[in-house]
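Novice: Dropping the structure in here first, questions after.
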Amino acid sequence: MLDQAAINQLRDTPVSDRGHFINGQFVTAQDGKTLDVLSPIDGKVFTRVASGSVDDVEQAVAAARIAFEDGRWSAAAPAERKKVLLKLAELIEREALALAVLGVRDNGTEINMAFKAEALSAAGTFRYYAEALDKVYGEIAPTAKNVLGLVHKAPVGVVGAIVPWNFPLMIGAWKLAPALAMGNSVVLKPAESASLSLLRIAELASEAGLPDGVLNVVTGPGAVVGEALALSMEVDILVFTGSGATGRRLLEYSARSNLKRCYLELGGKSPNIVFNDAADLAKAAKVSAAGIFRNSGQVCVAGSRLLVQEDIHDDFVAALCKEAEALKVGDPLDLSSQIGAVHSLPQLEAHLRFVATAESEGAERRTGGTRILEETGGYYMAPTVMTRVKPTDSIAQTEVFGPVLAVTSFKDEEDAIRIANSTDYGLAAGVWTADLGRAHRMIKAVRSGVIHVNTYGGADMTVPLGGMKQSGNGHDKSLHALGKYVDLKTAWIQL
Ligand code: NAD
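Listed below in structure tokens is the structure:
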């Protein structure tokens, strides 16, 4: 149970300016540039971070390369790596509330969610991969008798990790933990507007015993720091979570540099499909509302398209709007808020434009669609439900990444599948039905990396998360993620 008094104390703690974390210490940008860090809670600047340059990236990559080549981590015994990563998990857990509050001040996620999904989840991720790392074996191939074919799993080298602002700690840990577990060195670039909690993780990793240079964090604009990392000839693989537009650029940078492998976790426009035979429509409405509106819709797997069978459409939409209107939007550091802030003013303005465009294309705004709590100076938007959305409308095709739900009705199963698969995305989906056969048919037919049945959202470290189509080409989480961070190396030995 979180304590409001403790949160209030942390929210007012001054945060000193932060540099990059390179080779085990904080350093200022070589050209001295900084970026203001603005809180979406009240729109005020509360600290500054270093604004990185190509030179800063080169410094961090060089530190990571030296650390990798001299084997201080890459050649450490698995038991040693395990000990350090378990210690890191413990340290994160120890200051989970402080980390969560720091993150919320930076990105606006409500604290109940940030505590679990950010801080505790990051600790869990480091623990999971720490425990997994000494269970990864090589192979002996079934060759002819006179040869021995060995398959070694070698760390790749220097990993460039670029992450977004919506869940920086959770997603950062999804990259860092398996990369470090397999013995790689990392240069991490957080989103320019959500760097603080990840900088603290780097510091905690040092305290846990991670050797200098193995984990480096360079902050600053994507177009400078991210681009330099992606173009670096010394970065061996790039792991990325963010928008499709940036993902495309990374593939180009890879082609222009050293053909580094790029694993991309991108956006979605995920269909949440409600059939008239769903067992509990009231529950479906409540969970579907949470499935789009939690974290102000700034969730990659948000169920942002609601497809409802036509004969239950009106009643279901009414129930859903009631749920949306009952959600308490407000100060993300107030424990009673259920939805926090939209991350930034440009995001909020883009959401409002999406609503206006949808209306101009014939959609009906049933609830929300406005900025609220403007007097706080923060960025808040009412949960928004748009009905009469055609599958081809821009609001049905383009990711909003905000608290805006597009509702479309469908006739039957075939129609639902056609509409569900009619976007370029394939990240997540949901199906509500009491018919087991239909549930399995939908699981097969809907092209998405994850499909929820009679629920929406929810997962843990044991299952992978990745997208189909233009939602990405890799997987985070689970043992499957380890494969990204090793090179397979064959030894062919004549006997
Ligand atoms: P973004 O692509 O704008 O930024 C992501 C990161 O890329 C940031 O660190 C940014 O600084 C960096 N970047 C920006 N331009 C760059 C460039 N030219 N070169 C290199 N790096 C660059 O995305 P965002 O707005 O931060 O995040 C929202 C997006 O992330 C949404 O599309 C969302 O769906 C997606 N997302 C996906 C998942 C998933 O697991 N599939 C999870 C969370 C978020």
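With full-length UniProt numbering as the guide, the letters of the sequence shown map in order to residues 1 to 495.
Don't be surprised by glycine CBs; every beta carbon is placed ideally from N, CA and C.
Give the straight-line distance between the Cα atoms of residue 68 and residue 207, rounded to the nearest whole angstrom.
Specialist: 19 Å
Novice: Would you tell me roughly how many angstroms separate the C-alpha atoms of residue 31 and residue 56, rounded to the nearest one?
Specialist: 9 Å
Novice: Using three-state DSSP, classify residue 262 as helix, strand or coil.
Specialist: strand
Novice: Does the beta carbon of residue 432 fall short of 8 Å from some heavy atom of ligand 1?
Specialist: Residue 432: no, Cβ never under 8 Å from ligand 1.
Novice: May I ask which residues mark the beginning and end of the beta strand (DSSP E) holding residue 187?
Specialist: 185-189
Novice: Taking all protein chains shown into account, decide if residue 493 is buried (16 or more other Cβ within 10 angstroms of its Cβ) or exposed.
Specialist: exposed
Novice: Taking a contact to mean a Cβ-Cβ separation below 9 Å, would you say residue 412 touches residue 309 in this structure?
Specialist: Contact flag set, yes.
Novice: Can you tell me whether residue 262 sits near ligand 2, meaning its C-beta is under 8 Å from at least one heavy atom of the ligand?
Specialist: Here the bound small molecules are ligand 1; ligand 2 is not part of this structure.
Novice: Would the C-beta of residue 469 count as close to ligand 1, meaning under 8 Å from any of its heavy atoms?
Specialist: no
Novice: So, residue 122 versus residue 332, is the Cβ gap smaller than 9 Å?
Specialist: Cβ distance not < 9 Å, so residue 122 and residue 332 don't count as in contact.
Novice: For ligand 1, is there any heavy atom lying closer than 8 Å to the beta carbon of residue 189?
Specialist: Yes; taking the cut-off as 8 Å, the Cβ of residue 189 has a heavy atom of ligand 1 nearer than that.
Novice: Can you check DSSP and say which residues form a bridge with residue 493?
Specialist: 148
Novice: Beta-carbon within less than 6 Å of residue 370's beta-carbon, same chain only, minus the 5 sequence neighbours each way: which residues are those?
Specialist: 382
Novice: Tell me where the alpha helix (DSSP H) around residue 294 begins and ends.
Specialist: Here residue 294 belongs to no alpha helix (DSSP H), and DSSP marks it neither H nor E.
Novice: In the DSSP output, what is residue 461 paired with across the bridge?
Specialist: The partner list for residue 461 (beta bridge, DSSP) is empty, contrary to what the question assumes.
Novice: Could you give the distance in angstroms between the alpha-carbon of residue 188 and the alpha-carbon of residue 52?
Specialist: 12 Å
Novice: Measure the beta-carbon distance from residue 402 to residue 297 and round it to whole angstroms, keeping in mind my assumption that it falls under 8 Å.
Specialist: 5 Å
Novice: Where does the unbroken alpha helix (DSSP H) through residue 180 begin, and where does it stop?
Specialist: Taken as a continuous stretch (DSSP letters only), the alpha helix (DSSP H) holding residue 180 covers 168-181.
Novice: With a threshold of 8 Å (Cβ to nearest heavy atom), would residue 221 be considered close to ligand 1?
Specialist: Yes; taking the cut-off as 8 Å, the Cβ of residue 221 has a heavy atom of ligand 1 nearer than that.
Novice: Could you have a look at residue 155 and say whether DSSP puts it in helix, strand or coil?
Specialist: Strand, per DSSP.
Novice: Is residue 30 helix, strand or coil by DSSP?
Specialist: coil
Novice: Would you check if the stretch 384-391 and the stretch 356-368 touch, i.e. whether three or more CB-CB distances between them fall below 8 Å?
Specialist: yes
Novice: Near residue 455, what residues of its chain come up, given a Cβ to Cβ distance below 8 Å and the 5 sequence neighbours on each side ignored?
Specialist: 287, 430
Novice: Starting from residue 21, trace the beta strand (DSSP E) in both directions and tell me its first and last residue.
Specialist: Start and end: 20-22.
Novice: Would you say the beta carbon of residue 401 comes nearer than 8 Å to a heavy atom of ligand 1?
Specialist: yes
Novice: With burial defined as no fewer than 16 other Cβ atoms inside 10 Å of the residue's Cβ, what is the status of residue 419: buried or exposed?
Specialist: buried
Novice: How far does the alpha helix (DSSP H) with residue 72 in it reach, from first residue to last?
Specialist: Where residue 72 is concerned, there is no enclosing alpha helix (DSSP H), given that its DSSP letter is neither H nor E.
Novice: In chain order, what residues of the same chain have a beta carbon less than 6 Å from the beta carbon of residue 491, not counting five sequence neighbours either side?
Specialist: Excluding sequence positions up to five before and after residue 491, its CB lies within less than 6 Å of the CB of 150, all in the same chain and listed in chain order.
Novice: Could you give the C-beta distance for residue 198 and residue 168, rounded to a whole number, given that I count them as a contact under 8 Å?
Specialist: The C-beta distance from residue 198 to residue 168 rounds to 5 Å, short enough to meet the 8 Å contact threshold.
Novice: What I want to know is whether the C-beta of residue 267 ends up closer than 8 Å to one or more non-hydrogen atoms of ligand 1.
Specialist: yes
Novice: What does DSSP give as the partner residues of residue 193 in its beta bridges?
Specialist: None, per the DSSP bridge assignment.
Novice: Evaluate the contact criterion for the stretch 252-268 versus the stretch 215-234: three or more CB pairs, one atom per stretch, below 8 Å.
Specialist: yes
Novice: Please give me, in chain order, every unbroken run of the alpha helix (DSSP H) with length at least 4 that falls completely inside the stretch 289-338.
Specialist: 313-326
Novice: In angstroms, rounded to a whole number, what distance separates the CA positions of residue 7 and residue 101?
Specialist: 7 Å
Novice: Do you know offhand how far residue 131's Cα is from residue 362's?
Specialist: 53 Å
Novice: State the CB to CB distance for the pair residue 267 and residue 399, rounded to an integer number of angstroms; the pair is presumed to be in contact (CB under 8 Å).
Specialist: 4 Å
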